[in-house]
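**Student:**
Numbering (the UniProt record's numbering), first residue to last: 1 to 695.
Written out as structure tokens, the structure is:
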């Protein structure tokens, strides 16, 4: 320890525990401050730092408590109750948090490392912290590196003007106001992160502020970045409305049912969905309804397929129509059902106008069917379904045609050992035929002896009809589109002459106008499509995409009793494997205890606003075992616009004031006093007009 260090000794370690030390201050220190060479240093503020010399480096510790030794002398004047402190001992409780080691080539510059593997000896000196040591803790130096445009010419000295930012300022320290709290850009955005806090604590403002700070960096814009925001509250369009001032950056806004000119209509064609996503949409139970749903989607796909699948279609139609003709329903009902099916599903061999001949038991061939005396019709499928006096007149002829055999005795239409075609994503089909395809699938199952299947699937049928009729599902009912263009648009690319060009940096998907059930489906499908897109990019992990999940507890819930969890597993997959391909999550939630444990456990960075719920606090402690009890105690009392950050992207857990977002997201609190105390019979129209003017 050099002479200068000896001059800043404030006390000695008198007790050592596994997680904390006790420091007894020097007797001459009365007001917890000391005059140094450069300034007066006040070192007993909670959450401030002191250092302990150990060999050739320092152990950095955080002040967690201040106390005095209890007095053993009476008050000097019992009447005046004056307390004498001249003989008391003053103590600090400190928590070891990291080390400061000098860089070999520059002894005056330290490098901070989080974590302590060694402990000081008893009676080790404790020093107040200096400015250059704080510089190392708050990562003040080496924030920018030069981007050399001519590496072959600039081997010794580079004078290029372009810069690349390595750190990003997100706020100012609450303990050391002159210091900006910075995150390591590589460590924060190349891993999963979480922004947690009660409603109104400032989560949206924090996310907006961080992204605004990225795109306000001068000289070398982050044009290669890609942020996709699931905006479930309609907040972020306003927050990023001024980013376009940086001409290198483009924001694209999507919304369901918006009429704004600068907002694109959000669509998600139904044929993009996988079978698990259909199950989530229709809430299909796994044991009975999911197999029928899979068959129905397979039928819808093959009847819209351009490939030659005529034999499959004929088998299904022949089997289902034969089943209807033999069931116990009334003849008019049979006719209506068969007619409805053949109007939507038909082939060249089986359709309403198909003509055929009938061979009776005596071997005679007939081309006409007797309806009544003097009333005959040509034999075709439609005429065979003619109902006369409550009876289908051509039932035998139609069954004979559908179940006819070849000369070798094999069926013409019905296939032995038939397997229903499987449904694959990205197979186009008309949304309107889903209901009929479901009916066809149920008929096919009934034809194979499962008479109760329709009862088991009644809720599935009702759900399909409901979605078909509801206008809030119109975004799903698109029959056109191109999956390649859709993928490129989502991740900010534009394909021109086989070249994928970067076109936008921020994509906001406003899904605030729909219910939670729709939000869940959209988030699952879009996340899965983005994951697929990122995995296809070569070379691997060369195109990072950051997915911001606002109000994530609404669609990434931890619910062990949930029935429709397979589609939600995409978030677990991204959390576990997405980093390898460049898909990273930024999870924002006010209820961490309701989030998927897998997703939250994979987050390497946390920005925590005020959290008061004991269950949420306990959950955070379980998923982040390195968090201390001291840090946990701070969370219920963190003020608005303040947060606690910890994780790989910062040197140590730090409470900071978040930089103000300009403009703010649309998430401000209600001005109750202004909205309550008004004139009688005030007009809401004026409110809307005033709000539009302010925006």
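Virtual Cβ for every residue (Gly too), placed ideally from N, Cα, C. Being a predicted model, the structure only gives us computed values, none of them experimental.
1. Leaving out five residues before and five after residue 531 in sequence, what residues of the same chain have Cβ atoms less than 8 angstroms from its Cβ?
2. Residue 68 bridges to which residues according to DSSP?
3. Out of 495, 118, 522, 252, which one is the CA nearest neighbour of residue 261?
4. Taking 7 angstroms as the cut-off, decide whether the C-beta atoms of residue 128 and residue 43 are in contact.
5. Exposed or buried, residue 633, counting other C-beta atoms within 10 Å across all chains shown (16 or more means buried)?
6. Within 10 Å of its beta-carbon, does residue 329 have 16 or more other beta-carbons around it, so buried, or fewer, so exposed?
7. Straight-line CA distance for residue 45 to residue 91?
8. If you check the beta carbons only, do residue 309 and residue 302 fall under 7 angstroms apart?
9. CB-CB under 6 angstroms to residue 275, same chain, minus the five flanking residues each way: which ones, in chain order?
10. So residue 320 is in the alpha helix (DSSP H); what residue range does that whole segment cover?
11. I'd like to know whether the C-beta atoms of residue 646 and residue 653 end up nearer to each other than 7 angstroms.
12. Measure the CB-CB distance between residue 50 and residue 61 and report whether it falls below 7 angstroms.
13. Can you tell which of 479, 197, 6, 237 has the C-alpha that lies nearest to the C-alpha of residue 702?
14. Would you tell me roughly how many angstroms separate the C-alpha atoms of residue 681 and residue 667, rounded to the nearest one?
15. At least one CB of chain D closer than 7 angstroms to the CB of residue 316: is that the case?
16. DSSP state of residue 578, grouped into three classes?
17. Consult DSSP for residue 158 and reduce its assignment to one of helix, strand or coil.
18. Pick from 394, 390, 445, 389: whose alpha carbon is nearest that of residue 381?
19. Quick one: does the C-beta of residue 531 sit closer than 6 angstroms to a heavy atom of the ligand SAH?
20. In angstroms, rounded to a whole number, what distance separates the CA positions of residue 475 and residue 522?
21. Leaving aside the five residues before and after residue 277 along the sequence, list all residues of the same chain whose C-beta is less than 7 angstroms from its C-beta, in chain order.
22. Taking 8 angstroms as the limit between beta carbons, can you name the residues of its chain near residue 516, skipping five residues before and five after?
23. I need the DSSP call for residue 242, collapsed to helix, strand or coil.
24. Would you please state the rounded distance, in angstroms, between the beta carbons of residue 139 and residue 512? I believe it to be under 8 angstroms.
25. Going by CA-CA distance only, name the one from 439, 305, 543, 117 that's closest to residue 421.
26. Thinking C-beta only, is residue 601 closer than 7 angstroms to residue 623?
27. Need the endpoints of the beta strand (DSSP E) that residue 223 sits in, please.
28. Can you look up residue 359 in the DSSP assignment and give me helix, strand or coil?
29. Helix or strand or just coil, what does DSSP make of residue 444?
30. Quick one: residues in its chain with C-beta nearer than 8 angstroms to the C-beta of residue 223, no 5 flanking neighbours on either side, listed in chain order?
31. Please work out which residues of its chain come closer than 7 angstroms, Cβ to Cβ, to residue 372, disregarding the five sequence neighbours upstream and downstream, and give them in chain order.
32. Rounded to a whole number of angstroms, what is the C-alpha to C-alpha distance between residue 53 and residue 18?
33. Count the other CB atoms, across all protein chains shown, that sit within 10 Å of the CB of residue 439; report buried if there are 16 or more and exposed otherwise.
34. Assuming the contact rule is C-beta atoms closer than 8 angstroms, residue 585 and residue 533 should be a hit. Round their C-beta distance to whole Å, please.
35. Rounded to whole angstroms, how far is the Cβ of residue 124 from the Cβ of residue 57, which I believe are closer than 8 angstroms?
36. Please name the residue or residues paired with residue 48 in a DSSP beta bridge.
**Tutor:** In short:
1. Only 570, 573, 574, 578, 581, 583 meet the Cβ criterion.
2. DSSP lists 90 as the bridge partner or partners of residue 68.
3. Between residue 261 and the set 495, 118, 522, 252, the nearest pair of CA atoms involves 252.
4. Contact annotation: residue 128 and residue 43 have beta-carbon atoms nearer than 7 angstroms.
5. So residue 633 ends up on the exposed side.
6. Residue 329 comes out exposed.
7. Cα to Cα, the separation comes out at about 12 angstroms.
8. Yes. Within cutoff.
9. Within the same chain, residue 275 has close Cβ partners 294, 423.
10. Where residue 320 is concerned, the enclosing alpha helix (DSSP H) stretches over 310–326.
11. Yes, Cβ-Cβ distance for residue 646 and residue 653 is below 7 angstroms.
12. Yes, Cβ-Cβ distance for residue 50 and residue 61 is below 7 angstroms.
13. This structure does not reach residue 702, given that the chain is present from 1 up to 695, and the question cannot be answered.
14. Whole-angstrom Cα-Cα distance: 27 angstroms.
15. Reference to chain D is not applicable here, since this structure consists of a single protein chain.
16. Note: residue 578 maps to helix in three-state DSSP.
17. DSSP places residue 158 outside both helix and strand once states are collapsed to three, so it counts as coil.
18. Comparing Cα positions, the closest option is 394.
19. Summarising the ligand content, the structure contains no ligands, and the ligand SAH is consequently not present.
20. Straight-line Cα distance between these residues: approximately 10 angstroms.
21. Shown here for residue 277: same chain residues with a beta carbon closer than 7 angstroms to its own, the five before and five after excluded, namely 521, 524, 525, 567 in chain order.
22. Apart from sequence neighbours up to five positions away, the residues of its chain that approach residue 516 with a beta-carbon distance below 8 angstroms are 554, 555, ordered along the chain.
23. DSSP places residue 242 in coil when its eight states are reduced to three.
24. With a contact defined as Cβ atoms closer than 8 angstroms, residue 139 and residue 512 miss out at about 37 angstroms.
25. Ranked by how close their Cα comes to the Cα of residue 421, the residues 439, 305, 543, 117 have 305 in first place.
26. Yes, they are a contact pair.
27. No beta strand (DSSP E) contains residue 223, which DSSP labels as neither H nor E.
28. Three-state DSSP puts residue 359 in a strand.
29. DSSP places residue 444 in helix when its eight states are reduced to three.
30. Cβ neighbours of residue 223 beyond the five flanking positions: 248, 249, 502, 505.
31. Only residues of its own chain outside the window of five on either side were considered, and among them 388 have a CB closer than 7 angstroms to the CB of residue 372, listed in chain order.
32. Going from the Cα of residue 53 to the Cα of residue 18 covers about 18 angstroms.
33. Residue 439 is classed as buried because its beta carbon has at least 16 other beta carbons within 10 Å across all chains shown.
34. Not confirmed; about 15 angstroms, so no contact.
35. About 13 angstroms separates the two Cβ atoms, so there is no contact after all.
36. Under DSSP, residue 48 forms no beta bridge with any residue.
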